[in-house]
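The letter at position 87 of the sequence shown is residue 723 when you use my numbering, and the numbering goes up by one with no holes.
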Amino acid sequence: MTAYEAARAGMAYTLLADNAAGSLFAAGEVDAVLIGADRIAADGSVANKVGSYPLAVLARYHHVPFVVVAPTTTVDPATPDGVAIEVEQRPGHEVTDITIPYVPIAGQEAGTGVPVAPLGTQAHNPAFDVTPPELVTAIVTEDGVISPVTTDGIAELWARSRSGNGMMSI
637 MTAYEAARAG MAYTLLADNA AGSLFAAGEV DAVLIGADRI AADGSVANKV
687 GSYPLAVLAR YHHVPFVVVA PTTTVDPATP DGVAIEVEQR PGHEVTDITI
737 PYVPIAGQEA GTGVPVAPLG TQAHNPAFDV TPPELVTAIV TEDGVISPVT
787 TDGIAELWAR SRSGNGMMSI
């Protein structure tokens, strides 16, 4: 869920800079964490944009609900657990360079990358991370809520969902 979506829905929300969440948790300013999901494995492991797993750890430590809100179509019963989810590695230059589209720099064409790290820096740039089910308070879909998050709960949700009507193979 993005800030735009929360605003449209009339929800209270706060947009924060990367890695600023810890200070808000420590100050008791976080009531709940809501995230989406790119994939939910059969055991309830959740793949989502990088940074979701550390938020889940913070939420657990500070006794704050960590809730996944996603369509049932993100449930993938053919993926047994989080270990089976392949995490895409994005190009390192997305971290080490910044593209400034319309500001040419002497000797460079407009729109080329400008280094923000020393030349040759290796970057770890995963697109996703995986949150284990024991850190997820609930999974909310259009077909129901799973809490606690268990393999049986995921299977029951899949069985009663429109997606589980035999149209998709398991």
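Even for Gly, the Cβ is constructed at its ideal location relative to N, Cα and C.
Bear in mind the structure is a predicted one, so any value in this text is a computation, not a measurement.
{"Query": "T735 - containing beta strand (DSSP E), residue span", "Result": "733–735"}
{"Query": "The stretch 677–688 contacting the stretch 771–787, beta-carbon criterion three pairs below 8 angstroms", "Result": "yes"}
{"Query": "Assigned secondary structure, S805 (DSSP; H/G/I helix, E/B strand, else coil)", "Result": "Confidence at S805 is low in this model, with a pLDDT of 40, below 50, so its placement is unreliable and no value can be given for it."}
{"Query": "Exposure label - S805; buried when at least 16 CB within 10 Å", "Result": "Its pLDDT being 40, under 50, S805 is placed unreliably by the model, and the measurement read from it follows with that caveat. When all chains shown are included, S805 counts as exposed."}
{"Query": "Residues bridged to R675 (per DSSP)", "Result": "A683"}
{"Query": "Test item: CB-CB of P716 and A678 under 7 angstroms", "Result": "yes"}
{"Query": "L651, buried or exposed, once every other Cβ within 10 Å from all chains shown has been counted against 16", "Result": "exposed"}
{"Query": "Spatial distance of G750 from G728 (CA atoms)", "Result": "Inspection of the sequence shows that residue 750 is occupied by Val rather than by Gly. Whole-angstrom Cα-Cα distance: 13 angstroms."}
{"Query": "Start-end ranges of the alpha helix (DSSP H) lying completely within the stretch 680–731, minimum 4 residues", "Result": "688–697"}
{"Query": "Alpha carbon of T814 to alpha carbon of V703, nearest angstrom", "Result": "With the chain running from 637 to 806 in the structure shown, residue 814 is simply not present."}
{"Query": "Supposed close pair V766, V723 - CB separation, criterion 8 angstroms", "Result": "7 angstroms"}
{"Query": "For D765, the first and last residue of its enclosing alpha helix (DSSP H)", "Result": "No alpha helix (DSSP H) contains D765, which is instead part of the beta strand (DSSP E) from 764–767."}
{"Query": "The stretch 690–698 in contact with the stretch 654–666 per 3-pair CB rule at 8 angstroms", "Result": "yes"}
{"Query": "Opening and closing residue of the alpha helix (DSSP H) in which A639 lies", "Result": "639–644"}
{"Query": "Distance, G646 Cα to Y640 Cα", "Result": "10 angstroms"}
{"Query": "Cut-off 6 angstroms between Cβ atoms - residues of its own chain near A774, not counting five sequence neighbours on either side", "Result": "V703, V781, S783"}
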